[in-house]
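Each residue of the sequence shown is one higher than the last, beginning at 214 in my numbering.
Glycine included, each C-beta is placed from N, C-alpha and C at the ideal position.
This one's a predicted model, so the numbers in the text were calculated from it and none came from an experiment.
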Amino acid sequence: MNTLDDLAGRVVLVTGASSGIGEHLARQLAVRGARVAAAARRTELLDKMAAEFALPGGTVTPVGLDLCSTASIQRAIAEVERHLGPIEILVNNAGIVHQAPATRVTEEEFDRQFDTNVKGTFFVTQACARRMIDLGIPGRIVTVASVAGIVTMPQLSVYGMTKAALVQMTRSLAAEWARHDLAVNAICPGYVATDLNAEFMASEAGRKVVARLPKRRLATPEGLVEPLMLLLSGSRSRFINGAILTVDDGYSVS
Ligand code: NDP
């Protein structure tokens, strides 16, 4: 049985921890005593967060990571293990979005979204799971996908395709690694107010989107903390594996 209930001292890798949802989740994990490896490209932002946690208890260690480079992924995972020990929990949060009508999507934007959201996330997950399996760690992997991977969203065809791939990655890996005591689950947020969509949400089109949401409001990164904690808790989610948990304020059923 997976008993990762107490996060104190646990080694957690959070990708995309330099802003938005990932930053918030990384901070909350550190507040709960985890030793958080906060990974992203903008390491100056990670350094700032690490400095705030230079206190007893949970810690934040900045790690440079570019999901578009498999060499960078291998380096980052090795660095985390060297500094903190083997990764026990992986939070796959990093991702990008490019909004465009399908007729205007360029090959470059298509590749950038797939390389970051799908390829990069897969190879981080593979690298972490290999070590968890080799070392017999009952690991937990949670991927921040999106409801865009389940239902359609305006001008997000390619982004939605990448998130649908992560939904299927979650199911496939949960099945493949269950015998190794790894739990692989995904959270699918709806619209969350972060840097990712700030510009769009401030526009006329963005305001129209909010007006059509079931509760006419954007979610906040805080709203994702407890769903994550549920999926990380061995006792509360003992039989949850391969789950795609929508945390979308009802968007996908509206
Ligand atoms: P932000 O833009 O605030 O954060 C994205 C994070 O991903 C940043 O920390 C960024 O760090 C990191 N990142 C981007 N590209 C790379 C890369 N090549 N290598 C490593 N890290 C990278 O967005 P959000 O917080 O909103 O998004 C976080 C996740 O949540 C994403 O996967 C997004 O798809 C998902 N999501 C967001 C929703 C929303 O409404 N905001 C809704 C549903 C899902 P850096 O630039 O420093 O590398």
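Taking DSSP's pairing of strands, which residues face residue i in a bridge?
i: L226; result: A250, L303
i: N398; result: V355
i: I457; result: A399
i: P275; result: A251
i: A415; result: None; A415 has no bridge partner.
i: V405; result: A432
Given a cut-off of 8 Å on the beta-carbon distance, is the pair residue i and residue j in contact?
i: L303; j: V276; result: no
i: R285; j: L259; result: Checking the displayed sequence, the identity of residue 285 turns out to be Ser instead of Arg. No; because the gap between Cβ atoms is not below 8 Å, this pair is not in contact.
i: G235; j: V227; result: yes
i: L242; j: L278; result: no
i: V438; j: L238; result: yes
i: T375; j: F327; result: yes
i: I363; j: T459; result: yes
i: M414; j: V423; result: yes
i: N454; j: A378; result: no
Once the 5 residues before and after residue i are set aside, which same chain residues still bring their CB inside 6 Å of it?
i: S467; result: P427
i: S370; result: A315
i: V318; result: V371
Could you check whether the Cβ of residue i sits closer than 7 Å to any heavy atom belonging to the ligand NDP?
i: D462; result: no
i: R223; result: no
i: D279; result: yes
i: T338; result: no
i: V249; result: no
i: S232; result: yes
i: P402; result: yes
i: R384; result: no
i: E409; result: At residue 409 the sequence reads Leu, which differs from the Glu that was named. It does: the Cβ of L409 is within 7 Å (strictly closer) of some heavy atom of the ligand NDP.
i: T433; result: no
If you drop the 5 nearest sequence neighbours on each side, which residues of the same chain put their C-beta closer than 8 Å to that of residue i?
i: R325; result: C281, I309, H311
i: T216; result: Note that T216 has pLDDT 49, beneath the 50 cutoff, so the model's placement of it is unreliable and no number is given.
i: T274; result: R248, V249, A250, A251, A263, V293, H296, L297
Whose C-beta lies closer than 7 Å to the C-beta of residue i among residues of the same chain, with five residues either side of it excluded?
i: I350; result: P299, E301
i: T256; result: P275, G277
i: M366; result: G373
Would the stretch 290-307 and the stretch 327-334 be scored as touching if the rule is three or more Cβ pairs under 8 Å? Cβ pair count under 8 Å is three or more, so yes.
Any contact of the stretch 261-268 with the stretch 312-328, i.e. 3+ C-beta pairs under 8 Å? Counting Cβ pairs under 8 Å, fewer than three are found: no touch.
Under 8 Å: do the stretch 398-415 and the stretch 355-369 share three or more Cβ pairs, one atom per stretch? Segments in contact, yes.
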